[in-house]
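S.K.:
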Amino acid sequence: MRDHGRRRAGLGTPTRHLPRQHPHADRHSHAQTPETRQGRHRMTHPATGTTKGATHPVLNPATGEVVASVEVLDGAAVDAAVLAAQKAFEAWRDTSVEQRVEVLDRIADLVRGNAGKLSELLTLEQGKPIAEARTEVDTTEATFRRYADLGREKGAALFTEELGEHVRTFTPLGVVAGIIPWNAPLLVAAMKAGPAILTGNTIILKPAPTTPLATLELSRLLADTVPEGLVQCLVDDGSIGPLLASHPGVRKVAFTGSTVTGRAVTTAGAPTLKRLTLELGGNDPAIVLGDADPEAAAAGIFARAFFNAGQVCGAVKRVYIHDDVYDRFVESIADLVRDVVVGDGFDPAVTVGPLQNRTQYEKTTALLAKAVSDGTILAQSGVPDVDGGYFVPVTVVGDLDDAHPLVTGEQFAPILPLLRFSDEADAVARANSTEYGLTASVWTSDVAHGESVVQRIDAALLGVNKHNRVAPAFGIAMSKQSGSGWLFGPEGVREYLQPHLLFR
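If you count by our numbering, then the sequence shown holds residues 258 to 761, one letter each, in order.
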């Protein structure tokens, strides 16, 4: 049993705000570790296919230990899965909206009935605190129900538009590939499977190699609930994604992940002119105006910057703060950082877990070291004094210029740069100086003025005194290098359909 009670300072020495000793720190040594909940085991695929004869290890990012071995599938398995999906599509495409809604409701019931196990698998493989894992499972259930509700509400109107003398109809595409990231695997699986099922398509889910367990478990649960071939799950070592994206039997790819990988998916799908929905990276700004309540703004931005250890595409990645409220904002967010407990997600006292994988950890530690060298650490948490886990301190950094890699890139980590401004137009221009366009927010006491300011930022999802708040009933159109296509709402559902114009 590793002792999480011992804590050490982070990679940089804070110059203004040291981490506070958490009142529950001594409880860490008594936490039930993931190893006692889930031993190392071998997992096989519910999908039909062949393997490479090898297994891929799945690690617990809080310990670095192997907790599962998953069979690695090969190209023949992709062909077999596509064939099974095509066969299932022949019948599923002719089902009624009511039948599809019934299946979505059954899936939501399964997620709810197995919430405990799914939550533990998420924490085990992804590292997020168990409370955040439960939130992801709850949101996964809610996502399936929202698509069921959309089917109940819209019914046939999703598939037909009367246009006077003409009619526009929408028909399912066929086989969809859903490529899933490692930061929220179960939720993103629902975001892709939900609309695919509702629209009469079949779907092949491919989770990230480092986080396959919860998605595989969901696939197993569905085996006795949905028609064979409707939902399949293929796990790989990183080799199957390009095969799915280029496969002639796959009509559409719904991808969530980095912009770099999104470009690779686009390239792989180009020879077959694949239909794509891409939800990619973000370098998401928040602007705190001079009339804002600095304490309230700090609380809201803190919550949206450090959830899931900052590993959220739409998380706040950089904050522009007016000179008039800068110092009070720093004091307020520093108080929140001092209360952070970084550690093993199975410990209920932990509020921020490890980074999910070694690649992200190495990228982040290098970025943090450069930030320590080039700027000022305004606030920083501690990290567990243990070996093996991918832990980094929650860190707020000041005194960086706009060209610093922590400001220009997508850190996907719990490191937040704060930047000062005195001119509102300058802050907007700096917020827009990025290739990304996912989310943005403005914080102010004048909501009407905040709306006028935030609408000058080129991003898909905008907020005043809130950030990255999604309303699934309404579609979101991706912007700039943050993706293409629509997510959510009727517009997002139509991404899974082929429109036809019928002359009568």
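Glycine residues also receive a C-beta, built at the ideal position from the N, C-alpha and C atoms.
Which of helix, strand or coil does DSSP assign to Leu530?
M.R.: Leu530 falls in the coil class under three-state DSSP.
S.K.: Could you check the C-alpha separation between Pro464 and Val653 for me, to the nearest Å?
M.R.: The alpha-carbon atoms of Pro464 and Val653 are separated by roughly 32 Å.
S.K.: What does DSSP give as the partner residues of Asp541 in its beta bridges?
M.R.: In the DSSP output, where bridge partners are listed per residue, Asp541 has Val573.
S.K.: From Gly720 to Ile634, what distance separates their C-alpha atoms?
M.R.: If you take the alpha carbons of Gly720 and Ile634, they lie about 28 Å apart.
S.K.: Are the CB atoms of Thr716 and Ala697 nearer to each other than 9 Å?
M.R.: Strictly speaking, residue 716 in this sequence is Ala, with Thr absent from that position. Against a cut-off of 9 Å, the Cβ pair of Ala697 and Ala716 comes out as a contact.
S.K.: Could you compute how far the alpha carbon of Gly742 sits from the alpha carbon of Thr691?
M.R.: Between Gly742 and Thr691, the C-alpha separation is close to 20 Å.
S.K.: Determine the closest residue to Val329 out of Asp541, Ala636, Cys490, Leu407, with distance taken between C-alpha atoms.
M.R.: Here the closest residue by C-alpha is Cys490.
S.K.: Given a cut-off of 9 Å, decide if Arg508 and Leu763 are closer than it, judged by their beta-carbon atoms.
M.R.: In the structure displayed, the chain extends from 258 to 761; residue 763 sits before or after that span and is not available.
S.K.: Report yes if the C-beta distance between Val360 and Arg409 is below 9 Å; otherwise report no.
M.R.: No, the Cβ-Cβ distance between Val360 and Arg409 is not below 9 Å.
S.K.: Whole angstroms is fine: what's the gap from Gly655's alpha carbon to Leu676's?
M.R.: Cα-Cα distance, rounded: 7 Å.
S.K.: Could you say which of Pro484, Thr482, Thr524 lies nearest to Gly498 if we only look at CA atoms?
M.R.: When each option's Cα is compared against that of Gly498, the closest is Thr524.
S.K.: Identify which residue in Ile714, Asp494, Phe586, Ala521 has its Cα closest to the Cα of Pro674.
M.R.: Nearest option by C-alpha distance: Phe586.
S.K.: If you follow the alpha helix (DSSP H) that His706 is in, where does it begin and where does it stop?
M.R.: First-last of the alpha helix (DSSP H) with His706: 704-711.
S.K.: Who does Lys509 pair with in a DSSP beta bridge?
M.R.: According to DSSP, Lys509 bridges with Val433, Arg532.
S.K.: Say whether the stretch 312-327 touches the stretch 376-387, bearing in mind that this needs 3 or more beta-carbon pairs closer than 8 Å, one atom from each stretch.
M.R.: Counting Cβ pairs under 8 Å, three or more are found: they touch.
S.K.: Would you report the Cα separation of Arg391 and Asn565, rounded to the nearest angstrom?
M.R.: Each residue's alpha carbon lies about 12 Å from the other.
S.K.: Taking only runs of the alpha helix (DSSP H) that begin and end inside the stretch 561-608, which ones reach a length of at least 4 residues, in chain order?
M.R.: As far as the stretch 561-608 is concerned, its whole alpha helix (DSSP H) runs of at least 4 residues are 583-595.
S.K.: Is the beta carbon of Phe346 sitting closer than 9 Å to the one on Asn440?
M.R.: In this structure, Asn440 does not lie closer than 9 Å to Phe346 by Cβ.
S.K.: Between Gly732 and the rest of its own chain, which residues show a CB-CB distance below 6 Å, the 5 nearest in sequence each way excluded?
M.R.: Correct list, in chain order: Trp743, Phe745, Gly746, Glu748, Gly749.
S.K.: Quick check: Leu444 and Thr482, are their CB atoms within less than 9 Å of each other?
M.R.: Their beta carbons are not under 9 Å apart, which means Leu444 does not touch Thr482 by this criterion.
S.K.: Suppose you measure from the CA of His274 to the CA of Val664; what does that come to, to the nearest Å?
M.R.: Any answer about His274 is weak, because its pLDDT of 49 lies below 50 and its placement is not dependable; what the coordinates show is given next. Looking at the two C-alpha atoms, the distance is approximately 21 Å.
S.K.: What are the residues that DSSP puts in a beta bridge with Phe760?
M.R.: According to DSSP, which records beta bridges pairwise, Phe760 is partnered with His423.
S.K.: Should the stretch 516-532 be regarded as contacting the stretch 542-554, the criterion being three or more beta carbon pairs within less than 8 Å?
M.R.: No, they do not touch.
S.K.: What are the boundary residues of the beta strand (DSSP E) that includes Gly720?
M.R.: Residues 718-721.
S.K.: Would you mind stating whether Ser503 and Thr468 have Cβ atoms separated by less than 9 Å?
M.R.: Contact: no.
S.K.: Below 8 Å, how does it come out for the stretch 417-429 and the stretch 626-643: are there three or more Cβ pairs, yes or no?
M.R.: The stretch 417-429, when compared against the stretch 626-643, does not touch it at the 8 Å Cβ threshold.
S.K.: Once DSSP output is grouped into helix, strand and coil, what is the label at Asp740?
M.R.: The sequence shown places Gly at residue 740, not Asp. Reduced to three states, the DSSP call for Gly740 is strand.
S.K.: Tell me whether Pro484 sits in a helix, a strand or coil according to DSSP, three-state version.
M.R.: The answer is coil: DSSP assigns Pro484 none of H, G, I, E or B.
S.K.: In this structure, does DSSP put Tyr618 in helix, strand or coil?
M.R.: Correct three-state label for Tyr618: helix.
S.K.: Once DSSP output is grouped into helix, strand and coil, what is the label at Lys463?
M.R.: Lys463: strand per DSSP, three-state reduction.
S.K.: Quick check on DSSP: helix, strand or coil for Ile387?
M.R.: In the structure shown, Ile387 sits in a helix (DSSP, three-state: H, G or I).
S.K.: Per DSSP, which residues does Leu675 bridge with? Please list them.
M.R.: Answer is Val576.
S.K.: Whose C-alpha, out of Val432, Ala399, Gly412, Val433, is nearest the C-alpha of Ala447?
M.R.: The candidate whose alpha carbon is nearest that of Ala447 is Ala399.
S.K.: Under 8 Å by Cβ, that's how I've got Val335 and Leu500 pegged, so tell me the actual separation to the nearest angstrom.
M.R.: Confirmed, Cβ separation roughly 5 Å.
S.K.: Sort Lys344, Thr352, Val354, Ile387 by Cα distance to Val599 and report the nearest one.
M.R.: Comparing Cα-Cα distances from Val599 to each of Lys344, Thr352, Val354, Ile387, the minimum goes to Ile387.
S.K.: At what residues does the beta strand (DSSP E) containing Ser698 begin and finish?
M.R.: Counting along the chain, the beta strand (DSSP E) containing Ser698 begins and ends at 696-700.
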